Every structure is written in structure tokens, then in C-alpha cells.
Amino acid sequence: MSAGVTMVIASGSREDVIRDVLSGREVGTVFPARESHLRVRKSWLAFGKRLAGEIIVDDGCATAMRENGSSVLAAGVTALDGEFRAGNTVRVMTRDQQEIARGIVNYDADTLQKLLGHKTEDFHQLVEVNGPAEVIHRDNMVLMA
0 MSAGVTMVIA SGSREDVIRD VLSGREVGTV FPARESHLRV RKSWLAFGKR
50 LAGEIIVDDG CATAMRENGS SVLAAGVTAL DGEFRAGNTV RVMTRDQQEI
100 ARGIVNYDAD TLQKLLGHKT EDFHQLVEVN GPAEVIHRDN MVLMA
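Residue numbers for the sequence shown, in numbering that gives the first Met the number 0: 0 to 144.
Here you go:
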């Protein structure tokens, strides 16, 4: 329940008990979820996913993330470390090695290396991949500090 999942306790010997629970019939005892889906997702991003690398961002990007909840854009990324793929979880670090966020990256390390410091409108000239504007979208990121 604390992980955001509703729980039902019902008799396993009753025929079609799972079908009845899933159809919303009153069967057994229902314990509703305690946390919102977004909060659970953010906890999972922060602590439940294996980290595949790091992205280092400049001061402007770090400030925008902290103060405005902004996504990570390639223009604010100064360096990276690790052999991650699109969809992996990475740490977002400041230049002085302070971890400020964790998130799901939209580009693999090789592609991102070519995009470092560039504006989104320049992507098509730098790589053949037609990806999203964000390196990490704010919905797929949790601030750590």
C-alpha cells in the first residue's frame, strides 16, 4: 500500500475470486493505496533503478532544474560518464560532483556525446537520430538535493 498499490485480501479457495476482484465486485477486504502514482514513480527512479552512468550539467542547467523543475537539455550538458543506453537511469551531477537528480535518459552515451552543449534545433545536423528535445524529461527525473 505504501508503494502505491491497492491490496485485496480474499479467499483463494473461492472460484473466480481474482476475476471478481478485478471486475470491482465486493470480495474480501480492500486496502487502498496510500501514495500517488507520481510520488511512487519518483521514489522508484531515485532508489529502485540501477544507475548506468552520469551526466554533468552546467550551473545554468542545475539552477533551472532546482528552481523551475526544468528538464535536462543538451545545451546544459557539459560531460558524461558511462556506457548507457536510451532508457537507462543516470545520475545528474554538477561540475563540483554534487548529485542533483536521477532520471531516465533519452539518448545513448555515444549520441549524447555528439549533442553536448548544442541546442535542440541543431540535433538534425549532428546525428541521424530524430529524438526528443530533452536529454531527460522532467517527468522522468527526480531531484535529489
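Ideal Cβ placement from N, Cα and C applies to all residues, glycine included.
The model shown is predicted, which means the values in this text are computed figures rather than measured ones.
key: Helix, strand or coil at Glu98 according to DSSP, with G and I counted as helix   = strand
Endpoints, beta strand (DSSP E) assigned at Gly52 = Leu50 to Val56
task = Could you have a look at Met143 and say whether DSSP puts it in helix, strand or coil?
result = coil
request  = Kindly indicate which three-state DSSP category Leu125 falls into: helix, strand or coil?
outcome  = helix
inquiry  = Give me the residue from Val7, Leu114, Asn139 and Met92 with the minimum Cα distance to Gly52.
reply    = Met92
key: Coarse secondary structure for Asp109, derived from DSSP in three states   = helix
query = Going along the chain, which residues of its own chain have a beta-carbon closer than 7 Å to the beta-carbon of Ala61, five neighbours each way excluded?
reply = Thr93 and Ile99
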